[in-house]
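Asker: Dumping the structure here so I can ask a few things about it.
Number of protein chains: 2
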Amino acid sequence: MELSLEIRKNLSSEWFLNLQSAICKEFEGYEIEFSKRKKTLPKRFKKKIWSKKNSDEGGGQYFILKNGYVFDQVGVNFSKVQGEFPKNFISRIPGAMNDPYYWASGISVVAHMRNPKIPAIHFNTRFIITSKSWFGGGMDVTPSYKDNKEKFLVHKNLKEICKKNNESYRNYKKWCDKYFYIKHRNEPRGIGGIFFDYLNSNWSKNFKFVRELGICFLSTSREIIYNKISTNWNKNQKNRQYEKRKRYVEFNLLYDRGTKFGLNTGGNADAIFMSLPPLK
Amino acid sequence: MELSLEIRKNLSSEWFLNLQSAICKEFEGYEIEFSKRKKTLPKRFKKKIWSKKNSDEGGGQYFILKNGYVFDQVGVNFSKVQGEFPKNFISRIPGAMNDPYYWASGISVVAHMRNPKIPAIHFNTRFIITSKSWFGGGMDVTPSYKDNKEKFLVHKNLKEICKKNNESYRNYKKWCDKYFYIKHRNEPRGIGGIFFDYLNSNWSKNFKFVRELGICFLSTSREIIYNKISTNWNKNQKNRQYEKRKRYVEFNLLYDRGTKFGLNTGGNADAIFMSLPPLK
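Protein chains in written order, with my numbering: chain A, 181 to 460; chain B, 181 to 460.
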C-alpha cells in the first residue's frame, strides 16, 4: 500500500526529530564520561527554537554544545519548513519549475572536536517535496591529520550500510568526493564519505536507508572518538586544526548547497551557520 | 595631454605598491610603540609573494601581522593581474562582453583589532581595465560597540576627502550602506563609510581621489586606534567581538564581490581570504 504524502511527511520529520534527540543524548554522554577525568562539570547542549519570519512556514530547533572535553563545538539542527522558492532559485530544484511550493524536513550535524587528531564529522539527511519528492543526505569526515586506519573504518561502515540497502556505495562515494571539493584550493575538504540526492526509487526502502545511515553515523562517530580521545596533542597540532577549519568555513559559505538552500528559503541564520567551526 | 593606458597602469600599480609599504610601516610603528608597555618584542609583518598559476598573468604580495598588541590580525594585499574572465563572469563586468581580457591592480587592507572596543577597519582601492577602465574602492568601519563620536569622526573625514575632490560623499555613503548589508540577518555589517566603483570621469582627477583616500585611511585609522588603545576591556567584550567577526566572515564569503573576483580570476586563495578574521 502506498503511503500518502501527509504520512510520509510525518514519518520522516518525526524520525529526524527523534534522531536529533538520540544524537544529543549520546554526545552529552561522552562529555559526562570524559569530563570526569578533569573533575569538572560536563558541558551540556543548549536548545534554540526558531521559526521562519512567516511562522506559518515552519521552523526548527537546534542544539549546540560548546567548549566541551570532546567537542569544541557540535551542533545538531532539525528543521521542518515550507513555502515558495524565490524565482532565482527555482531552476536549480527538480519539480519546482511550474510550482514553486516546497516542503522540507531534515537533520544536520557538524561536530568539531577539541582533540585535533579526531576529525570533524558531518552528517545530514532530508526529505524534500516539490511537485516531486526525494530523500538526500550523506556523511563525511574531515581530519587534520592523515590516518589510513580511520579512513578505512569510515568507508567500511558506509559501504556496509549501502550494500545492506542495495544502494551504490561507489556512486555515492564519488558524488561525495565531487561535492566536497574545495575548487579554489584544488583540494578535497576531507577524506570523503557518501553523498546522495534525488533518491526516490521506493519510499519505504529509501526511508529505511536514511534511518540506518543515521544509526551508522552514531556508531561510526563513537568509534572514531573513542579511538583517539585519550591521545595527547600539542599546540602545533591544534594550530593545524585551526587551519583546516578555515577551509571548512570557505567551503560551507562559498559552495555548500545546504547553506544556499537555507538562506534562499528564509531559514534561521544562526541555525544555518551552526555548521561553522567556532571562531575561538 | 592624455596619459596612455600603459602609463596609467604603471602609475596606479606603483601607487598601490608604495601605499602598501607605507601602511605596513605605519602599523608596525604602532606595534613597536605599544609593545614597549608589555616589555615584549613587537610583532612584525610577514611578507608573502604569490603569482597566478599561469605566472605570465601576474600576481601580488601580501603582508600579514598576527597576534600583535594592537592587531589580532591585519593583512595588506597588493595585486597586479591580467588574464581573461571566465565566461560565467563576463556579464557582470562592464566592457567584458565582447573581449574577456582584463588587467587589474589594487590594494586592500583589513585590520582586526585586539581591543574589542576598537572597530575593524577595511580599505580598498583598485584600477581595472577591460574594453573600459575605471577606479573603484572605499573604506568602512565595523565596531563591536556603538560609539557615536567615532562614527562621526569616520564620516567627517570621508566627507571632507570627497568634498575636496568633488566626489559625492552622499552617494558613496549610500552605496556603502547598500553594499555592506548582511541580507540574511537584516543588519548592516558596520557603521558604513564610502564605496565607489566604475569611476572614470577624468583619469588624473580620479587617481588623485584614490590616492587621497589612501592617505585618509591611514590618518583615520591612526585616530581611531589612538583614541582607544589604552582603554580596558574584558572577556565578555572580547566574546562580543568574536560574534561580530563571525558576521564579517559570513559577509565576505557569501556576498563580497572582491572575493568572487579573486576566486573567478584564479587569484591566490590565502591572499583573498586574508580579510577574514583569525580563527583563534
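By construction, the Cβ of each residue, glycine as well, lies at the ideal position given by its N, Cα and C atoms.
#1: Just to confirm, are Gly-317/A and Leu-393/A a CB contact at a threshold of 8 angstroms?
#2: Exposed or buried, which one is Asp-236/B when buried takes at least 16 other CB atoms within 10 Å?
#3: Can you give me the C-alpha to C-alpha distance between Glu-330/B and Gln-417/B, rounded to a whole angstrom?
#4: Secondary structure at Trp-383/B, three-state DSSP: helix, strand or coil?
#5: Tell me the residue span of the alpha helix (DSSP H) that contains Val-334/A.
#6: Between the alpha carbons of Ser-461/A and Ser-201/A, how many angstroms are there, rounded?
#7: Closer than 7 angstroms between beta carbons: that is the criterion. Which residues of the segment 294-305 of chain B meet it against chain A?
#8: Return the CA-CA distance between Phe-149/A and Ala-291/A, expressed in angstroms with no decimal places.
#9: Which residue marks the beginning of the beta strand (DSSP E) containing Gly-129/A, and which one marks its end?
#10: What residues from chain A crowd round Glu-430/B, counting only those whose CB sits closer than 7 angstroms?
#11: Terminal residues of the continuous beta strand (DSSP E) containing Asp-236/A?
#12: Buried or exposed for Ile-452/A, please, with buried defined as at least 16 other CB atoms from any protein chain shown within 10 angstroms of its CB.
#13: Does Lys-426/B get closer than 8 angstroms to chain A when you measure Cβ to Cβ?
#14: Give the range of the alpha helix (DSSP H) segment to which Arg-217/B is assigned.
#15: Let me know if Pro-296/B comes out buried or exposed under the rule of 16 or more other beta-carbons within 10 Å of its beta-carbon.
#16: Does DSSP put Ser-348/B in a helix, a strand or coil?
#17: What first and last residue would you give for the beta strand (DSSP E) that runs through Gly-255/B?
#18: Who are the neighbours of Arg-272/A on chain B, taking C-beta pairs under 7 angstroms?
#19: Less than 7 angstroms between C-beta atoms, sequence neighbours within five positions excluded: which residues of the same chain meet that for Tyr-210/B?
#20: Would you report the Cα separation of Leu-183/A and Arg-369/B, rounded to the nearest angstrom?
#21: If you follow the beta strand (DSSP E) that Thr-130/B is in, where does it begin and where does it stop?
#22: Would you call the segment 276-294 of chain A and the segment 239-253 of chain A touching, i.e. three or more CB-CB distances under 8 angstroms?
#23: For the 8 angstroms Cβ check, are there 3 or more pairs between the segment 440-451 of chain B and the segment 261-276 of chain B?
#24: Tell me which residue opens and which closes the alpha helix (DSSP H) that Gly-438/B is part of.
#25: Measuring only between beta-carbons, confirm whether Leu-443/B sits less than 8 angstroms from chain A.
#26: Would you call the CB atoms of Gly-373/A and Met-319/A closer than 8 angstroms?
#27: Taking the C-alpha atoms as reference points, what is the distance between Phe-303/B and Asn-328/A?
#28: Which class does Ser-484/A belong to by DSSP, given the choice of helix, strand or coil?
#29: Helix, strand or coil, according to DSSP, for Gly-286/B in the structure here?
#30: Express the C-alpha separation of Ile-409/B and Tyr-325/B in angstroms, rounding to a whole number.
#31: Flag Ala-276/A as yes if its beta-carbon sits less than 8 angstroms from any beta-carbon of chain B, otherwise no.
#32: Given a cut-off of 8 angstroms, decide if Phe-375/B and Cys-356/B are closer than it, judged by their beta-carbon atoms.
#33: Taking the C-alpha atoms as reference points, what is the distance between Leu-434/B and Thr-305/B?
#34: When the Cα atoms are used, what is the spatial distance from Glu-208/B to Leu-379/A?
#35: Compute the Euclidean distance between the alpha carbons of Lys-336/A and Asp-436/A, then round it to the nearest angstrom.
#36: With a cut-off of 8 angstroms, does the C-beta of Leu-459/B fall near any C-beta of chain A?
Answerer: Reading it off the structure:
#1: The residue you call residue 317/A lines up with position 137 of the first sequence. The residue you call residue 393/A lines up with position 213 of the first sequence. Cβ distance < 8 angstroms, so Gly-317/A and Leu-393/A count as in contact.
#2: Walking along the second sequence from the start, residue 236/B turns up at place 56. Residue environment for Asp-236/B: exposed (fewer than 16 other C-beta atoms within 10 angstroms of its C-beta).
#3: By one-based count along the second sequence, residue 330/B stands at place 150. By one-based count along the second sequence, residue 417/B stands at place 237. Glu-330/B and Gln-417/B have their C-alpha atoms some 18 angstroms from each other.
#4: Counting from one through the second sequence, the residue named residue 383/B turns up at place 203. Helix.
#5: Translated into positions along the first sequence, residue 334/A becomes position 154. Run containing Val-334/A: 328-344, per the alpha helix (DSSP H) assignment.
#6: In the structure as shown, chain A begins at 181 and stops at 460. Residue 461/A is therefore absent and cannot be evaluated.
#7: Here the close residues number zero.
#8: No answer is possible for residue 149/A: the residues shown for chain A start at 181 and end at 460.
#9: The structure shown has nothing for residue 129/A, since chain A only spans 181 to 460.
#10: In the second sequence, counting from the first residue as 1, residue 430/B sits at position 250. Near Glu-430/B (Cβ distances below 7 angstroms), the residues of chain A are Leu-433 and Phe-453.
#11: Walking along the first sequence from the start, residue 236/A turns up at place 56. Bounds of any beta strand (DSSP E) do not take in Asp-236/A, whose DSSP letter is neither H nor E.
#12: Counted from its first residue, the first sequence places residue 452/A at position 272. Buried: at least 16 other Cβ atoms inside 10 Å.
#13: By one-based count along the second sequence, residue 426/B stands at place 246. Using beta-carbon distances, Lys-426/B counts as an interface residue toward chain A, with a partner under 8 angstroms.
#14: As a first step, residue 217/B is located in the second sequence; it is residue number 37 there, counting from the start. Note, Arg-217/B: alpha helix (DSSP H), 185-218.
#15: Within the second sequence, numbered from 1, the residue matching residue 296/B stands at position 116. A buried status is given to Pro-296/B, since no fewer than 16 other beta-carbon atoms sit within 10 Å of its beta-carbon.
#16: Numbered from its first residue, the second sequence carries residue 348/B at position 168. Looking at Ser-348/B - three-state DSSP - the assignment turns out to be coil, as it is neither helix nor strand.
#17: As a working mapping, residue 255/B is identified with position 75 in the second sequence. Under the DSSP assignment, Gly-255/B falls in the beta strand (DSSP E) whose first and last residues are 251-264.
#18: Counting from one through the first sequence, the residue named residue 272/A turns up at place 92. Those do not exist, as Arg-272/A stays about 14 angstroms from chain B at its closest Cβ, beyond 7 angstroms.
#19: Translated into positions along the second sequence, residue 210/B becomes position 30. Only Val-250 and Ile-405 meet the Cβ criterion.
#20: Numbered from its first residue, the first sequence carries residue 183/A at position 3. Numbered from its first residue, the second sequence carries residue 369/B at position 189. Using only the alpha carbons, I get a separation of about 48 angstroms.
#21: Here chain B has residues from 181 to 460 only, and residue 130/B is not among them.
#22: Flag = yes, the segment 276-294 of chain A and the segment 239-253 of chain A touch.
#23: Segments in contact, yes.
#24: The sequence position of residue 438/B within the second sequence is 258, counting from 1. Per DSSP, Gly-438/B belongs to the alpha helix (DSSP H) from 437-444.
#25: The residue you call residue 443/B lines up with position 263 of the second sequence. Among the residues facing chain A, Leu-443/B is included, as its CB has a counterpart in that chain under 8 angstroms away.
#26: Along the first sequence, read from residue 1 onward, the residue named residue 373/A stands at position 193. Along the first sequence, read from residue 1 onward, the residue named residue 319/A stands at position 139. Going by C-beta atoms, Gly-373/A is nearer than 8 angstroms to Met-319/A.
#27: One-based indexing of the second sequence puts residue 303/B at position 123. One-based indexing of the first sequence puts residue 328/A at position 148. When the Cα atoms are used, Phe-303/B and Asn-328/A turn out to be separated by approximately 45 angstroms.
#28: A query on residue 484/A cannot be resolved here, the shown segment of chain A reaching from 181 to 460 and no further.
#29: If you number the second sequence from 1, residue 286/B lands on position 106. It is a strand residue.
#30: One-based indexing of the second sequence puts residue 325/B at position 145. One-based indexing of the second sequence puts residue 409/B at position 229. When only Cα atoms are considered, Tyr-325/B and Ile-409/B end up about 14 angstroms apart.
#31: As a working mapping, residue 276/A is identified with position 96 in the first sequence. Judged by the 8 angstroms Cβ criterion, Ala-276/A is not in contact with chain B.
#32: Position 176 of the second sequence, counted from the start, is the residue given in the question as residue 356/B. Position 195 of the second sequence, counted from the start, is the residue given in the question as residue 375/B. A Cβ-Cβ contact shorter than 8 angstroms links Cys-356/B with Phe-375/B.
#33: Reading the second sequence from its first residue, position 254 is the one you call residue 434/B. Reading the second sequence from its first residue, position 125 is the one you call residue 305/B. Rounded to the nearest angstrom, the two C-alpha atoms are 21 angstroms apart.
#34: By 1-based counting over the second sequence, the position of residue 208/B is 28. By 1-based counting over the first sequence, the position of residue 379/A is 199. Taking the straight line from one Cα to the other gives about 57 angstroms.
#35: Taking the first sequence and counting its residues from 1, the one referred to as residue 336/A is at position 156. Taking the first sequence and counting its residues from 1, the one referred to as residue 436/A is at position 256. In a straight line, the C-alpha of Lys-336/A is about 26 angstroms away from that of Asp-436/A.
#36: As a position in the second sequence, residue 459/B is number 279, starting the count at 1. Chain A contact via Cβ: present.
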